[in-house]
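Just below is one structure, and these are the notes that go with it.
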Amino acid sequence: MVEQQVMETSTKTQPAESRAAKLVREAFDSGRPVTYIHSAEEQRVARVLHEVGRIMSDASPVAVWTWTMTEGLRRDGAAPEPDTADARRALDFVIAHGEGAIFHFKDFHAALGESAEARRRLRDAYESCLDRRKFVVISSPVRLISEDLERMMLFLELRPPDHVELMDFLREEAARLSPDGRAPEETVLHQVARALLGLTLDEARYALRRALAQGSRLGLESMPAVLEEKRLLINRSGTIEFIPTGTHIAEVGGLQNLKKWLRERRKLFELRDEISSEIVPKGILLMGIPGCGKSLCVRAAASHFGLPLYRVDMVEIFSGRHGKPEGAFVQACRMMEDMAPAVLWFDEIERGVTATVSGGEEGRIFGFFLTWMQEKARGLFVAATANRINELPAEMIRKGRFDEVFFVDLPTEDERVEIFRIHLLARKVDPAQFQLEQLLQFTVGWAGSEIEQCVVSAITKAKLEDRELTEQDLILTAASIVPLSRTMKEQISYIRDWAFERAMRASPKEAR
Ligand SMILES: Nc1ncnc2c1ncn2[C@@H]1O[C@H](COP(=O)(O)OP(=O)(O)O)[C@@H](O)[C@H]1O
Ligand SMILES: [Mg+2]
2 MVEQQVMETS TKTQPAESRA AKLVREAFDS GRPVTYIHSA EEQRVARVLH EVGRIMSDAS
62 PVAVWTWTMT EGLRRDGAAP EPDTADARRA LDFVIAHGEG AIFHFKDFHA ALGESAEARR
122 RLRDAYESCL DRRKFVVISS PVRLISEDLE RMMLFLELRP PDHVELMDFL REEAARLSPD
182 GRAPEETVLH QVARALLGLT LDEARYALRR ALAQGSRLGL ESMPAVLEEK RLLINRSGTI
242 EFIPTGTHIA EVGGLQNLKK WLRERRKLFE LRDEISSEIV PKGILLMGIP GCGKSLCVRA
302 AASHFGLPLY RVDMVEIFSG RHGKPEGAFV QACRMMEDMA PAVLWFDEIE RGVTATVSGG
362 EEGRIFGFFL TWMQEKARGL FVAATANRIN ELPAEMIRKG RFDEVFFVDL PTEDERVEIF
422 RIHLLARKVD PAQFQLEQLL QFTVGWAGSE IEQCVVSAIT KAKLEDRELT EQDLILTAAS
482 IVPLSRTMKE QISYIRDWAF ERAMRASPKE AR
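See the structure below:
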C-alpha cells in the first residue's frame, strides 16, 4: 500500500517542482520519517515544505504543522495546540496524530540538546511515523545533532533556489509589495527570476525591495535595480564578479569565424534540455594577442545567448585571501552551477597556471577544471581567454575540452576599418564622412584597443578645440601612436606560429 503511494507520487508528472522540493520529496519517498535541513532560511524551508505537501497529494495538500519553542505546534492558520511548546509534549502530539502530515520543527536542535527525554521521544516518533506518511523535519542554521540521533535522520543542505522556486516566491512577494495587490505579468517575473538565480531567498527579497523602492510596480524597468543588487551580493564572494552586459555582437569588428560560430551555437544552447549532452555547447577558449577583442567577444557572447555573465577572478583565487586556491576554485565553480543558465568567464586563465604557489596546486586545479568542464550543468557556457597562450597546459587545448579553440589575431585591413567605424559610431560620429581607408597605412600592426584609443584621443582633441572631428585629427593621432605589436614583434610572431596548428582562426583572413 505504502509502496504504491510512493510509486504514484514519484511517477506523477510535476513539471513545476522546484529542485529543493524534489530533494525533500525524494527523502520522504525513500521512507525517511525524520529529516534535518541545514539552512539559515527558515521561511524558505517552510515554503518548500508546503510545496512538497502539495506535490505529495493529488487531493488536498498534506498539512504542514510548525513547531517553535515559544508557541508550540500549530497547523497552518490555526491556533497553537495547547501544551506543545515543550519538546517532549510536541513529539507526543506527533505520535498520537492520526493523519499524514509534515511537522516542521524550527531550531529543534536546541531543545533536543537539552533534553534526553525529548531525544528518546524523537526515536519513538521515528517508529511511529515510519510508513504512515508522517514526516518530522527539523530546520536549523547550524548542524548540531547528537550522534545517537544522527544515524536515524537524513541530513539535507538546500542549494540556492532554482527558477521554479524563485517564480513561486516572486508571484507572492511581488503581489504583496505592489500597491494594487496584483502580481506583475509572468514574462516580467520570468526575467526577474532569471536575474535572481544564485541568490538566497533572503537576498532575492532585498533585491526585490530595492527594485520596488524606485518604481511602484515590478516591471522591466526594475531590472537595472535588481541586477545592481545582485552584482553587489555576488561580488561579496570576492572570487566571482557579476558583469552587467549589453554588448551587441555587432560591436565586435571582424572576427567573422568566431561570430558565426556564436550565432550558430546559440540555437543549440537554447535547445540544451532537449538534445544530447554531447552537442550542447560547453565553452570556448579564446587566445591571442592582447587588445584584439577577446574580452569584448565574451561580453558579446553572453548578450547574444541572452545569459548573465560572471567572471572568475583567477588572481583573487590564487591570492590566498579565500583559503587555499584549490578550495576557492572548486567553490567558485560549484557556486556557478547554482546560477546556470549563465556564461562563466575565466579571464586570463593562464594566470592560474603560472601563479607561483606551493607544490602542484595549479596542476590539481587544472585537473579539476578539465573534469568539471565535462560534468558541469548543461546551462553553463564557459568562456576562457588567454594572452600568454604558450603557458597553457597542452591538455587544456586538446580538442574535446572546449568546443572550439579560437586564435584572435591582429585585425586585417578590412577589420581595422570596421573597428574604426564601430568606435566612431559608438561616440555618435558618422563614419561615412571620412575616408577611413586612408588610415590603413598608419595603422599597420594595430590592435583593436589601439584603434579605440586613437578615436578617443582624436575626438578629445577636437572637443578641446571646440570643433567637429576631422579626418586630419584621426590621421595625426594615428601617426603618433606606436602599436604594441612593434615592440612585441618577436612575441607576436611566436604566438602566431604557436597558435597556427593548435587553434581555429577567429578571423577568416590573415593580418599583414
Ligand atoms: N575586434 C574589435 N572590435 C571592436 N573593438 C575592439 C576590437 N578589439 C578590441 N577592441 C576594443 O579594445 C578594447 C579592449 O579589447 P579586449 O577585448 O579587452 O582585448 P583582449 O581581451 O583581447 O585583450 C575593447 O573593449 C574594444 O573597445
Ligand atoms: Mg582581455
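Numbering-wise (this note's numbering), the sequence shown opens with residue 2 and increments by one. Glycine included, each C-beta is placed from N, C-alpha and C at the ideal position.
Considering only residues of the same chain and omitting the five flanking positions on each side of residue i, which have a CB-CB separation below 8 Å?
i	result
A448	I290, P291, G292, C293, L411, P412, P484, L485 and S486
R428	V456, V457 and I460
E405	W262, I285, L286 and M505
R144	Y37, H39 and F156
L426	P432
Y311	I235, I241, E242, F243, I244, M337, M340, A343, V344, L345 and W346
Have a look at residue i and residue j and give me their C-alpha separation to the nearest angstrom.
i	j	result
E118	T188	52 Å
R160	S140	14 Å
V165	E351	37 Å
F109	L209	31 Å
D77	E252	55 Å
E4	G73	Because E4 carries a pLDDT of 41, less than 50, the predicted location of this residue cannot be relied on, and the following value inherits that uncertainty. Those two C-alpha atoms are separated by around 32 Å.
K268	K377	20 Å
Q192	A47	25 Å
G182	E174	10 Å
Y127	P394	54 Å
F403	E279	12 Å
Y495	T488	13 Å
A517	V95	In the structure as shown, the chain begins at 2 and stops at 513. Residue 517 is therefore absent and cannot be evaluated.
F104	S179	32 Å
C298	M505	15 Å
S277	R264	19 Å
V227	R503	42 Å
M224	F347	26 Å
V53	T67	15 Å
M397	A384	13 Å
Q375	Q332	17 Å
S61	P142	31 Å
H323	W499	35 Å
C130	F136	6 Å
Indicate the three-state DSSP secondary structure (helix, strand or coil) for residue i in the structure shown.
i	result
R402	coil
S58	coil
S141	strand
M397	helix
A505	Ala is not the amino acid found at residue 505; the sequence shown has Met there. Three-state DSSP puts M505 in a strand.
G328	helix
E158	strand
I146	coil
L381	strand
F136	strand
H39	strand
S359	Any answer about S359 is weak, because its pLDDT of 47 lies below 50 and its placement is not dependable; what the coordinates show is given next. Here S359 sits in coil by DSSP.
V344	strand
L477	helix
F319	coil
Would you check if the distance between the CB atom of residue i and the CB atom of residue j is smaller than 9 Å?
i	j	result
F156	T36	yes
D314	T240	yes
N388	K295	yes
L150	D125	no
T248	S304	yes
A86	M70	yes
F330	F370	yes
F1	A302	Nothing about residue 1 can be read from this structure; the chain reaches only from 2 to 513.
E18	I56	yes
R134	A97	no
L213	L221	no
T246	R45	no
S147	R122	no
In chain order, what residues of the same chain lie with their CB nearer than 7 Å to the CB of residue i, ignoring the 5 residues before and after it?
i	result
E204	L234
L440	F421, L475, I476 and A479
W373	C334
R417	L441, T444, W447 and I452
R33	L155
A21	V49, L159, P162 and E166
F306	R267, F270, V344 and F382
E82	G73, L74, R75 and F94
E230	Y207, A208 and R211
For residue i, I'd like the list of residues in its chain whose CB is within less than 6 Å of its CB, leaving aside the five on either flank, ordered along the chain.
i	result
L167	A194 and L197
P342	L308 and G380
K510	T413
* Asked: What are the complete alpha helix (DSSP H) segments, minimum 4 residues, inside the stretch 412–456?
  -> DSSP runs (the alpha helix (DSSP H)) wholly in the stretch 412–456: 414–427.
* Within the stretch 210–295, ranges of the beta strand (DSSP E) (whole runs, at least 3 residues) -> Considered as a whole, the stretch 210–295 harbours 241–244 and 284–289 as its complete beta strand (DSSP E) runs of no fewer than 3 residues, in chain order.
* Asked: Fully enclosed by the stretch 53–131, which beta strand (DSSP E) runs are 3 residues long or longer?
  -> The qualifying runs are 64–69, 73–76 and 102–107.
* Unbroken beta strand (DSSP E) runs of length 3 or more, entirely within the stretch 157–202: which are they? -> Listed in chain order, there is nothing to give.
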